Amino acid sequence: MMKSVLHLLTALRAVSQETGKARVVMEQTDQQFIVIELGGEEYALPISGIYEIIKMQKITEVPNSRFFMEGVTNLRGKIVPIISLRRRFGMEEAAAGRSTRIVVVNHDDEIVGMVVDCVQQVIQLDSIEEPGESAAGIDSRYFSGIGYFGEAFVTLLNIGSILR
168 MMKSVLHLLT ALRAVSQETG KARVVMEQTD QQFIVIELGG EEYALPISGI YEIIKMQKIT
228 EVPNSRFFME GVTNLRGKIV PIISLRRRFG MEEAAAGRST RIVVVNHDDE IVGMVVDCVQ
288 QVIQLDSIEE PGESAAGIDS RYFSGIGYFG EAFVTLLNIG SILR
């Protein structure tokens with residue numbers, strides 16, 4: 168117990184070499200994430216919020232909707248709103264390819280699909296750090312942290328902020 172408290176205190180005092188600001192790192196051993204690709208960058212979503220992942224399918228536009236709204240699709244008789252993460256993040260649009268997927272999430276009992284370039288893998292993180300000001304030029308309010316696994320890291324997306 169004392170060792171874990173000391174470990175936590177050490178982690179809380181860790182200082183980022185890039186910014187000189189304190190960063191909070193917390194151990195993460197039981198939560199899994201899916202890694203998605205968007206515009207050549209990798210991001211992760213908590214697997215606990217994923218309803219399902221489907222291939223790109225017909226999306227019907229909805230007039231006068233929010234700028235990042237692609238439209239709606241029919242998922243086994245259920246109408247599901249679909250958003251474009253590229254538009255949400257202010258990225259250049261890209262044509263859907265063979266690896267384009269719709270990641271359907273369940274957030275606050277609302278089912279919403281997010282178009283991503285690719286779904287790569289499921290990972291379990293070693294640790295999570297608070298997000299910085301931005302990542303890949305995207306506002307940090309869309310992020311919940313930076314996750315580390317082995318020698319690699321990935322930006323963790325905040326589903327709630329993205330959907331607002």
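Per the numbering used here, residue 168 is the first one in the sequence shown, and the count goes up by one each step. The C-beta atom is built at its ideal place from N, Cα and C for all residues, glycine as well. Note that the coordinates shown come from a computational prediction; the quantities given were computed from them, not determined experimentally.
Discussion item. Checking 8 Å against the spacing of the C-beta atoms, do K245 and I278 come in under that value?
Written reply: yes
Worksheet item: Do L330 and F200 have their C-beta atoms closer together than 8 Å?
Response: no
Worksheet item: Is the segment 273-287 in contact with the segment 248-256, if contact means three or more CB pairs nearer than 8 Å?
Response: yes
Worksheet item: Skipping 5 residues on each side, what residues in its chain have a beta carbon closer than 8 Å to that of G317?
Response: D293
Worksheet item: When you compare each of F320, E296, V321, D275 to S215 by their alpha carbons, which one comes out closest?
Response: D275
Worksheet entry | Backbone secondary structure at I226 - three-state DSSP | coil
Worksheet item: Count the other CB atoms within 10 Å of the CB of G312; is the residue buried (16 or more) or exposed (fewer)?
Response: buried
Worksheet item: Smallest Cα separation from K296: which of I290, V321, F235?
Response: It is Glu, not Lys, that sits at residue 296 in the sequence shown. Here the closest residue by C-alpha is V321.
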